[in-house]
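Numbering (the working numbering), first residue to last: 1 to 253.
We put the beta carbon where it would ideally sit given N, CA and C, even for glycine.
Structure first, then comments.
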Ligand SMILES: [Zn+2]
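What follows is the structure in structure tokens.
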């Protein structure tokens, strides 16, 4: 299952339509999907992290980033070519260039896709708790606005499948960090013991997006938990080691 705006493409064999995503007039110009363990397959779809890979007629170029749980954003504002490399680690990639599929890989972290429906700017973000707390989503949105001329009123955020509040237990280091960064963490963290709680990372991202000024009806969430759904997703938390990653992507046509 991949949640895709339009089809059919070679990826749609493992896809499901995401009806809550409203594209407005961008619908003919944009593709996006959230991958599952059934596809698209990491490595076949994208290349080495930090590279641009030649794709096919549906996805002429595929951009992969070297994800490091940091807050560096890769901004691409000129044409790409296959074989190109990006130095350093990045947990978000933005572009206004057409025919380049921006990808991120996740297991329990949150894949976040961004788009401005009027300015033709898109982004893909790998958002784990550390990156979210340190502002990877906030920084990505601000960069879309400041560097690419995106407008907050036309910006949409899609928050993909990740470890959900049903399962995602965290302990003191995470809880302390949240307490210092989020004024009211009661909707984001459900305490389960003196030193443990269940974190709703998607809710934290929603809260950050609303705080930035995004319209609530422009924030779309796929409420599926990677830990609860072994039929659909890989999960580092559930499986105890890395068996695979889901690939999510977005492209301007
Ligand atoms: Zn769950």
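For residue 53 and residue 226, I'd like the C-alpha separation in whole angstroms.
About 28 Å.
DSSP three-state label for residue 244, please.
Residue 244 falls in the coil class under three-state DSSP.
Measuring straight from C-alpha to C-alpha, what distance separates residue 231 and residue 41?
For residue 231 and residue 41, the distance between alpha carbons rounds to 15 Å.
Compute the Euclidean distance between the alpha carbons of residue 49 and residue 188, then round it to the nearest angstrom.
Each residue's alpha carbon lies about 31 Å from the other.
So, at 7 Å on beta carbons, what are the nonlocal neighbours of residue 127 in its own chain, with the 5 sequence-adjacent residues on each side left out?
Cβ neighbours of residue 127 beyond the five flanking positions: 109, 110, 112, 136, 137, 205.
Tell me whether residue 143 is buried or exposed, calling it buried when 16 or more other Cβ atoms sit within 10 Å of its Cβ.
Buried.
Give a single yes or no on whether residue 168 has its beta carbon closer than 8 Å to a heavy atom of ligand 1.
Within the cutoff, so yes.
Go to residue 64, then tell me how far its beta strand (DSSP E) extends in each direction, as first and last residue.
Start and end: 61-64.
Identify every run of the alpha helix (DSSP H) within the region 69-155, keeping only runs that are complete inside it and at least 4 residues long; order them along the chain.
DSSP runs (the alpha helix (DSSP H)) wholly in the region 69-155: 129-133, 136-148.
To which residues of the same chain is residue 245 closer than 8 Å at the C-beta, ignoring the five residues directly before and after it?
Taken in chain order, the residues that qualify are 42, 105, 106, 107, 234.
Give me, in chain order, the residues of the same chain whose beta-carbon lies closer than 7 Å to that of residue 218; leave out the 5 immediate sequence neighbours on both sides.
Excluding residues within five positions, the ones whose Cβ falls inside 7 Å are 155, 156, 157.
Determine the extent of the beta strand (DSSP E) in which residue 169 is found, giving its start and end residues.
It spans 169-171 - the beta strand (DSSP E) in which residue 169 sits, taken as one unbroken run.
Once DSSP output is grouped into helix, strand and coil, what is the label at residue 238?
Correct three-state label for residue 238: helix.
Measuring alpha carbon to alpha carbon, tell me which of 118, 94, 61, 190 ends up nearest residue 84.
Of 118, 94, 61, 190, the residue nearest in Cα terms is 61.
Spell out a yes or no on whether the region 162-171 and the region 30-40 are touching, meaning 3 or more CB-CB pairs, one atom from each, closer than 8 Å.
Too few Cβ pairs lie closer than 8 Å, so no.
Can you give the Cα-Cα distance for residue 228 and residue 236, rounded to whole angstroms?
Straight-line Cα distance between these residues: approximately 12 Å.
In terms of alpha-carbon separation, which member of 74, 203, 97 lies closest to residue 90?
Of the listed residues, the one whose Cα sits closest to residue 90 is 74.
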